[in-house]
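Shown next, in structure tokens, is the structure this report addresses.
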Amino acid sequence: MAAVIVRDDSVLMVRERGRGPGGRHDGQEYWTLPGGGVNRGEDLADAVRREVAEEVGLTCVDVRYLYDFPYPSGQTSAFAVTCAEGEPRLGTDPDLRCDCPRMVGLDWVPLPVWSGETGVPGVPTLLMATPRSALS
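Just so we're aligned, residue 1 is where the sequence shown starts under full-length UniProt numbering, counting upward by one.
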């Protein structure tokens, strides 16, 4: 699942490293929305709250389902998330089995104004087509 956290017309994104040839997280960097997997017995909204707290250190006050979309790791669900006041901080991945950091940065990325064009770097295409009213 993925958390869409919008503040001041920007979306919070996490920079991660993929696995390199040696199996460590020293491969190519990429940007993604905060989120991840669902633990056994955990409902999706609780998973969103947990992942947001783990990855970006924010507390969710509202979680609303947006839609499902294809993702490299499989089909995932996007949620519009409102967080309590405070600045995000890069967290850690408690399930990581190695000493190499997977998450290496975070930033607020400006949401593009929908113009029908593609190729805006750093912002998932799905956010370009999402009505602003659904994100706030």
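Where is the CB? At the ideal position from N, CA and C, for every residue including glycine.
Unbroken beta strand (DSSP E) stretches of 3 residues or longer found wholly inside the region 11–40: 29–32, given in chain order.
Listed in chain order, the non-local C-beta contacts of residue 35 below 6 angstroms within the same chain comprise 1, 2, 3, 51, local neighbours out to five positions each way being set aside. Taking 9 angstroms as the cut-off, the Cβ atoms of residue 103 and residue 15 count as close.
If you check the CB distance, residue 17 and residue 29 come in under 9 angstroms.
According to the DSSP assignment, residue 64 belongs to the beta strand (DSSP E) that extends over 60–71.
Remark: C-beta atoms of residue 111 and residue 55 do not approach each other more closely than 9 angstroms. Around the Cβ of residue 70, a 10 Å sphere holds fewer than 16 other Cβ atoms; the residue is exposed.
In this structure, 37 is the residue among 37, 85, 12, 20 with its C-alpha nearest to the C-alpha of residue 77. Less than 9 angstroms divides the Cβ of residue 58 from the Cβ of residue 84. At a Cβ-Cβ threshold of 9 angstroms, residue 63 and residue 45 count as neighbours.
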